[in-house]
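For the record, in the sequence shown the residue sitting at position 406 is 703 according to our numbering, with numbers rising by one throughout. Here the structure is laid out as structure tokens; the discussion comes afterwards.
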Amino acid sequence: MKPPLAAVALLSAAAIGYEVLLARLFAITLWHHFAFMIISVALLGVGASGTFLAFARGALERRFAGAFATAAVLFGVSAVAGFAAAQRVPFNPLEVIWDLRQQAYLLQIYLVLALPFFAAATAIGLTLARFGGRIAAVYRADLAGAGGGALAVVLALFALPPDDCLRLIGGLGLLAAALAVGSRRLAAALAVAAVASAAAWPASWLAPLPSPYKGLSRALTVPDARVVAERSSPLGLLTVVDSPTVPFRHAPGLSLVAGGEPPAQLAVFTDADALTVITRFDGDPAALGHLDRQTAALPFHLLDRPRTLVLGAGGGSDVLRALYHGVPAVDAVELNPQLVDLVRGPYRDFAGGVYDRAEVAVHVAEARAFVEASSARWDLIQVALLDSFTAAAAGVQALSESPLYTVEALDAYVGHLAPGGMLAITRWLRVPPRDSLKLFATAVVALERAGVAAPERRLAAIRGWNTVTLVVKNGDLTAEDTSALRAFAAARSFDAVWYPGMPRDEANRYNLLAEPYLHDGARALLGPQRQRFIDGYKFHIAPATDDRPYHFRFFRWVLVPELPALARQGGLTLLDSGYLVLLATLLQAVVVGLVLILLPLVRLAAPGGGTAGLARWRVAVYFLALGLAFLFVEIAFIHRLTVFLGHPLAAIAVVLAGFLGFAGLGSGASARLAGDRPRVAVALAVAGLITIAAIELGLLPLALPALAGWGLAAKALVALAAIAPLAFAMGMPFPLGLGMVTRRAPHLVPWAWGINGCASVIGAVLASLLAMHVGFTMVVVLATGLYAAAAAV
């Protein structure tokens, strides 16, 4: 009997596609980083499959075809039903730290999502155990299928909504079962069932249900508010909402003394939260007066009709602000083409054709990549405020890497300013201050790295009641600049935060805080004791870098003793809930993973102890190290290539397809290259991947920025070329090690499979945590150390 390689590849593609799709679905229903943590813990089903196979292997191998097909069918059914059940659990991630009921709800979600991964891993693990002489071929089919599945689901999301993609993935499980069974009649019946099941699931079961705490859910509680349009893609679910009874009045940073009111607006939510608006515009700039009474209007009073670049144009508010101030040329950069299509298409008349005006050039691109690929210079670069205030205030963005706010990003922006030009960034104001101070510190360091001897002469900032706008000038601010800033702020009751020579008593005049925290912080960040101030501050405000691009991570361990008191006072929302949930998830993953590993360890203890016991622990260390190391490298490369490829989803698709596909090729070649010396082959593969990783860690930061202007297809090929040799070497240690286990201790094969799966789960969470603290480069270095440890045992 031959191994069902096509069925393995198809089931592996469905499983990895399900993982990527769950991330998209839970980004809509919750927030994207909770999606990844839920998936990570749910993947403990892979480890559970190893434990199950350790006890049931004999009986299942005797009925291999039926067992494989049953597991594949279970995957297909539970993948769809599991999501439908999980999103109906009343889980609120914002309360998970202090509400024990939420932790119980989270456990329920883990259990229902673990089942499909358990089923798929059982089928693939059983195949590895049953066909010990073809391990390399089976593992190659597994990885190649996974790589193809990662790419296929992303492409499918451009054509279909997420719930329809979920139907297709459920059907793939039944098709995999059809490929594995020996009976043609049964195979035909399963194929028909796969097609029928895609249409059979009720739409009401699968439609994503956003959390009641997200912006869209709250907006729809307003009387007569209604959804008037939806667009879906891998970039996000866009939902357009009209509220005729209680009109939207979205104007972040609007002065409290502003008169009049904004024109009518349509709200556009991305993944049910991040809000931008399409503003009614009849061509008369006078109707847009509210846009001049926001903190973001400051640079237009310091520059005369500047040529403007808007990064994150959204529904067009910042473009309208530029037009209101008579700007002759505006470049508007927006990541999501469907949002541009909404403004240019069905709502063109409502928006006054803002994106079709002669002064406006619209570019669909990732903001940072667009700037670095351009040779142009602008008088003003504005980074728009598009994330929600609720998400910022609750700290749910703590795990969100953002290449927009790093030292290298600000250096790139300033480098594309004309002489005397300005960079303006508006952020939400949080008290105690953290976001705004971290951004100020980032600007100081960026200017210093660019060789500016006195950065305090090039920085200015103001604040309103809920926003802060920072200005960085390509040149020293003049007396006329500071005079215009003071006049602008005073006329709108905004508070100056910093300008060259600003006295302390001028801060905190209108929107009163207990102390002028922001001014004092800015002065400290510009002084000789900057590092001491950063180290002693209660929140993490050290500047983000491309190696650690977590601008929204503010949690510090010094806050831990205050957690009980903050919980009693309802003040835990002042902390970064995302970071705390990550820690809780890591703890749960470790505990459950150890249980899944230790249980079969006791059961599978080889008689006689001594050398047998030592070999058993070597198997544990070997496959644990491989599981951690593979995920460490994979996650680090996803983050590293996000800026280069211009979109995080492109990075996920290219990196997963590249690593899994080329690792599959390495697996397939491992047996031929190893011959009868597998240990030597492992050592050579590990030595090769360590060498390749060292070379790429040195070259990629230099090479990728130089190629930023290339097209997406060309850059994807460059990324794959960088991944290929490293992934090829990474694909060899697992099948070589599993082959040795098969020959010497075949009863440990399921256990090795389970250990590797559990390690992958822990590695996914641990890599994110380590990246925040030590950076992506060090994560790769740690991965090479783990590979070396695997080779040593």
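Yeah, the Cβ is synthetic: ideal placement off N, Cα and C, and Gly gets one too.
- Here the C-alpha atom of G890 lies approximately 40 Å from the C-alpha atom of R829.
- For I1020 and T576, the gap between their C-alpha atoms comes out near 44 Å.
- Taking the Cβ atoms as the reference, V627 lies roughly 5 Å from T605, within the contact range of under 8 Å.
- Boundaries of the beta strand (DSSP E) harbouring R523: 523-530, taken from the DSSP string.
- For A376, the closest C-alpha among the options L408, A345, A356, Q400 is that of L408.
- Taken atom to atom, the span from the alpha-carbon of E663 to that of A441 is near 29 Å.
- For Q384, there is no enclosing beta strand (DSSP E), as DSSP gives it neither H nor E.
- Looking at the backbone, the Cα of G772 and that of W762 are separated by about 29 Å.
- If you check the CB distance, A982 and A1026 come in under 8 Å.
- Within the segment 526-606, the beta strand (DSSP E) runs of at least 3 residues that lie entirely inside it are, in chain order, 533-539, 562-567, 571-576.
- Taken atom to atom, the span from the alpha-carbon of V878 to that of L600 is near 44 Å.
- Distance from the CA atom of R481 to the CA atom of R437, rounded to whole angstroms, is 26 Å.
- The shortest CA-to-CA distance from A548 to any of D461, E527, L683 is the one to L683.
- Excluding sequence positions up to five before and after T326, its CB lies within less than 7 Å of the CB of Q384, P505, L506, P507, S508, all in the same chain and listed in chain order.
- By the neighbour-count criterion, in which a residue is buried when 16 or more other Cβ atoms sit within 10 angstroms of its Cβ, R976 is exposed.
- When DSSP reads this structure, A721 sits in a beta bridge with Q679, V768.
- A369 and L1014 have their alpha carbons spaced roughly 34 Å apart.
- Taken through DSSP and simplified to helix, strand or coil, D638 comes out as helix.
- Partner residues in a beta bridge of I1059, as assigned by DSSP, do not exist.
- Rounded to whole angstroms, the gap between the alpha carbons of G613 and D802 is 37 Å.
- Distance from G533 to T567 at the Cβ level is roughly 4 Å; contact confirmed, criterion being Cβ atoms closer than 8 Å.
- DSSP places E931 in the helix class (H, G or I) of the three-state scheme.
- The beta carbon of V742 lies closer than 6 Å to those of V704, P840 in the same chain, with the five residues before and after it left out.
- The alpha-carbon separation between A447 and A811 amounts to approximately 51 Å.
- Secondary structure remark: continuous alpha helix (DSSP H) runs of at least 4 residues inside the segment 735-809, in chain order: 776-789.
- Cβ-Cβ distances below 7 Å link L714 to R674, W675, I678, L720, N771 in the same chain, with the five nearest sequence neighbours on each side left out; the list follows chain order.
- For H816, the enclosing alpha helix (DSSP H) starts and ends at 814-822.
- Distance from the CA atom of R528 to the CA atom of K511, rounded to whole angstroms, is 18 Å.
- By the Cβ rule, the segment 494-501 does not count as touching the segment 511-525, because fewer than three pairs are nearer than 8 Å.
- One alpha carbon belongs to L357, the other to P1047, and they sit about 12 Å apart.
- V409: member of the alpha helix (DSSP H) spanning 397-427, first to last residue.
- The beta carbon of I989 lies closer than 6 Å to those of P1022, L1023 in the same chain, with the five residues before and after it left out.
- By the Cβ criterion, the segment 578-590 is not in contact with the segment 742-760, since fewer than three pairs of Cβ atoms, one from each stretch, lie closer than 8 Å.
- Counting along the chain, E993 sits inside no beta strand (DSSP E); it lies in the alpha helix (DSSP H) bounded by residues 975-1003.
- Linking S1057 to L404 through their CA atoms gives a straight-line distance of about 19 Å.
- For a cut-off of 8 Å, the C-beta gap from L1067 to L1079 is around 7 Å, short enough to register as a contact.
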